[in-house]
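Here the structure is laid out as structure tokens; the discussion comes afterwards.
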């Protein structure tokens, strides 16, 4: 895997426990507006995808159990053959986004706060389920506090592509406040409450 080019995340490792612990120690720094900021961190990936493909759509849903899902119609999270007959997915949930995390001035989200990456959402959530649909296969994986607790589990292909991130914010994030979608030039966002 070391021969793969690391543009957004380091493919050499799937979990960075020190990184996740740093986020959990500083929830006010990494999620300054609580739940709305976490939603924007997820939407930022959908917005990037929409910009690179000429447009896209995302749906943010607040579920009765207090969890929130963000589903987009992009190409799905990058997954690569490991050379041994298996697949490896980009370690977006449990490692730093190399573009933003240590350089918080690089990009600001619509709330005015620095973008740090979706690992912030995973680390500050009691659980998170990442569902991925690509043309070469679909799968889901569950995380608890940013650490994967299941392997990639294949799911039935439904003919669509995209990514769904559903998460239950931890108590340290504060009360559930309904998220705002923000303003994204290439991404239309629907909020379902």
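Numbering (the numbering used here), first residue to last: 118 to 310.
Even for Gly, the Cβ is constructed at its ideal location relative to N, Cα and C.
In this text the structure is predicted, and so the values were computed from the model without any measurement.
Exclusion of the five residues before and after residue 310 leaves 179, 295 as the residues of its chain whose Cβ lies within less than 7 Å of its Cβ. According to the DSSP secondary-structure assignment, residue 261 is paired through a beta bridge with 264.
Of all C-beta pairs linking the region 130-138 to the region 274-288, fewer than three are shorter than 8 Å, placing the two stretches out of contact. Here DSSP, grouped into helix, strand and coil, assigns residue 218 to coil. In this structure, residue 213 keeps its C-beta atom at 8 Å or more from the C-beta atom of residue 186. In this structure, the alpha-carbon of residue 145 lies about 15 Å from that of residue 156. At a Cβ-Cβ threshold of 8 Å, residue 148 and residue 303 do not count as neighbours. Contact between residue 163 and residue 172 is ruled out by a C-beta separation of about 11 Å, above the 8 Å threshold.
Scanning the region 224-310 from its first residue to its last, the whole alpha helix (DSSP H) runs of 4-plus residues come out as 236-240. In the DSSP assignment, the residues bridged to residue 186 are 178, 283. Straight-line spacing of the CA atoms in residue 175 and residue 250 works out to 14 Å.
Residues of the same chain with a CB within less than 7 Å of the CB of residue 159, apart from the 5 flanking positions on each side, are 187, 235, 238, 282 in chain order. Inclusion of residue 137 and residue 263 in the CB contact set at 8 Å is warranted, their separation being smaller than that value.
Taking all protein chains shown into account, residue 193 has 16 or more neighbouring C-beta atoms within 10 Å of its C-beta and is therefore buried. In this structure, residue 208 keeps its C-beta atom at 8 Å or more from the C-beta atom of residue 241. Under the three-state reduction of DSSP, residue 145 is assigned to helix. Note: residue 173 is bridge-paired with 304 in the DSSP secondary-structure output. Leaving aside the five residues that flank residue 248 on each side, the residues in its chain whose CB is nearer than 6 Å to its CB run, in chain order, 257, 281.
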